[in-house]
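Those sequence lines, one after another, are chains A and B.
Oh and the first sequence: position 66 is 97 in this note's numbering, straight run, nothing missing.
Oh and the second sequence: position 70 is 75 in this note's numbering, straight run, nothing missing.
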Amino acid sequence: DSGVTQTPKHLITATGQRVTLRCSPRSGDLSVYWYQQSLDQGLQFLIQYYNGEERAKGNILERFSAQQFPDLHSELNLSSLELGDSALYFCASSEGQGYYGYTFGSGTRLTVV
Amino acid sequence: KNQVEQSPQSLIILEGKNCTLQCNYTVSPFSNLRWYKQDTGRGPVSLTIMTFSENTKSNGRYTATLDADTKQSSLHITASQLSDSASYICVVSDGTASKLTFGTGTRLQVTL
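Here it is in structure tokens:
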């Protein structure tokens, strides 16, 4: 157990739908990062939050949004889902800006049918 | 464009043997280089992190090397075990969260 908790572990939904993925960071970590990993692809950075504020943004689609709450958990919202959104979504956390590395959760596998 | 290339793409070795995985990068500026182990369907787990001034770092049977001049890194696994079967990902950082560059990984299979 890495200390980073992601729920749900698996999610199957239809095209056009909206889903919410949840992440609880490791105790004491202020930064949360979201990554997408499509089949046989490298991890793609989506977005970072630090202590409730958006800190960095990657190649996140406009259909996707995220937030970090006062208790530091984070949610990634995916809407108007397409088949190509099927992927593993990972959350990672770090104490500061992640200079010394991140701790990853086990991921949420999203399947869009 | 920042890139991280790993080789080989996949590798099969017998249990107990050693192996070396390669990582070449063109990332600028350079902050640190990380090796992660990712089991199938699981999140990556950090093995080593090396900054510009470090050229070797070990974590048990895993030893990473870094040549910042040639922009190459290697991960050497000694006395492989079945549990080493996983993807090994090289990641280079320029110091900012949004600019981590991930390799696509080397898929290692250790067999009896």
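Backbone N, C-alpha and C fix where the C-beta goes; we use that ideal spot for every residue, glycine too.
Identify the continuous beta strand (DSSP E) that holds residue i and give its terminal residues.
{"i": "B/Thr68", "result": "Tyr67 to Asp72"}
{"i": "B/Lys62", "result": "Thr61 to Asn64"}
{"i": "B/Thr109", "result": "Per DSSP, B/Thr109 belongs to no beta strand (DSSP E) and is neither H nor E."}
{"i": "B/Gln11", "result": "Gln8 to Ser12"}
{"i": "B/Asn37", "result": "Asn37 to Gln43"}
{"i": "A/Phe76", "result": "Gln75 to Tyr81"}
{"i": "A/Gln67", "result": "Ser62 to Gln68"}
To which residues does DSSP link residue i through a beta bridge?
{"i": "A/Arg145", "result": "Missing from the structure shown is residue 145 of chain A; chain A here goes from 32 to 144 and no further."}
{"i": "B/Ala119", "result": "As displayed, chain B neither begins before 6 nor continues past 117, which places residue 119 of chain B out of reach and without an answer."}
{"i": "A/Arg53", "result": "A/Thr38 and A/Glu106"}
{"i": "A/Glu84", "result": "A/Tyr81"}
{"i": "A/Leu92", "result": "Looking at the DSSP assignment, A/Leu92 forms no beta bridge with any residue, so it has no partner."}
{"i": "B/Asn23", "result": "Paired residue(s): none; B/Asn23 is not in a bridge."}
{"i": "A/Phe135", "result": "A/Ala123"}
{"i": "B/Tyr30", "result": "B/Val9"}
Compute the distance between the beta-carbons of residue i and residue j, then report whether it is under 8 Å.
{"i": "B/Thr116", "j": "B/Leu19", "result": "yes"}
{"i": "A/Glu106", "j": "A/Thr51", "result": "yes"}
{"i": "A/Gly132", "j": "B/Arg39", "result": "yes"}
{"i": "B/Ser92", "j": "B/Gly65", "result": "no"}
{"i": "B/Leu80", "j": "B/Tyr67", "result": "yes"}
{"i": "A/Asn108", "j": "A/Phe121", "result": "no"}
Just checking residue i against the ligand PLP - is the residue's beta carbon closer than 7 Å to any of the ligand's heavy atoms?
{"i": "B/Ser51", "result": "Looking for the ligand PLP in the displayed structure turns up nothing, as the structure carries no ligands at all."}
Item to check | Members of the region 37-49 of chain B near chain A, C-beta cut-off 9 Å | outcome: Asn37, Arg39, Tyr41, Gln43, Gly46, Arg47, Gly48 and Pro49
Checklist entry - Taking a cut of 9 Å between CB atoms, which residues from the region 92-106 of chain B lie near chain A? => result Ile94, Val96, Ser98, Gly100, Thr101, Ala102, Ser103, Lys104, Leu105 and Thr106
Next on the checklist: If the cut-off is 9 Å on Cβ atoms, which residues from the region 81-108 of chain A count as contacting chain B, listed in chain order?
Outcome noted: Tyr81, Arg86, Ala87, Lys88 and Gly89
Checklist entry - Is the region 14-26 of chain B in contact with the region 74-93 of chain A, if contact means three or more CB pairs nearer than 8 Å? => result no
Next on the checklist: Would you call the region 32-47 of chain A in contact with the region 131-140 of chain A, where contact means no fewer than 3 C-beta pairs closer than 8 Å?
Outcome noted: Result yes; three or more Cβ-Cβ pairs closer than 8 Å.
Next on the checklist: Counting only Cβ-Cβ distances shorter than 7 Å, please list the residues of the region 111-129 of chain A near chain B, keeping chain order.
Outcome noted: Phe121, Gln128 and Gly129
Checklist entry - Between the region 59-73 of chain A and the region 18-32 of chain B, are three or more C-beta pairs nearer than 8 Å? => result The region 59-73 of chain A makes no contact with the region 18-32 of chain B; the number of CB pairs closer than 8 Å stays below 3.
Checklist entry - Should the region 58-78 of chain B be called in touch with the region 112-130 of chain A, which here means at least 3 C-beta pairs below 8 Å? => result no
Item to check | Under 8 Å (Cβ pairs) to chain B, residues found in the region 48-63 of chain A | outcome: Ser62
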